[in-house]
Amino acid sequence: MLLMPFPMDSVVKFVATLGFIGYLPFAPGTFGTIIGLLVIIILKPSVYLHVLLTLSMIPVGIITSHRAEMLLQENDSRRIVIDEFCGYLLSV
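The sequence shown begins at 17 in the numbering used here and counts up one residue at a time.
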């Protein structure tokens, strides 16, 4: 599928890969989860911030991962790690 360039495509890739962590040569999903763990440790004192971040990141993750999948032209690309991050935020 030919995609029309979108001005925010580099931002979409940045978010979907968690700051390009998804481009690490080994275990990018694991590192995405570790980032989620670090965020949880930082936000531990505030349940409200945790809930707010989780509820805001899930739609962002859905939108950016869908667009990034089209940009990368791969189904379930290992470079897209926003789903691991959001999943960890949601599960803890």
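A virtual CB, placed ideally from N, CA and C, is assigned to each residue, including glycine.
Between the region 65-78 and the region 46-54 there are fewer than three inter-stretch CB-CB distances shorter than 8 angstroms, so the stretches are not counted as touching.
Non-local C-beta neighbours of F36 in its own chain, meaning closer than 6 angstroms and more than five positions away in sequence, are absent. Contact check for V28 against F22 passes: the beta carbons are separated by less than 9 angstroms. Where K29 is concerned, the enclosing alpha helix (DSSP H) starts and stops at 25-32. If you ignore the 5 residues before and after T80, its C-beta comes within less than 7 angstroms of the C-beta of V28, V31, A32, I98, all in its own chain and listed in chain order.
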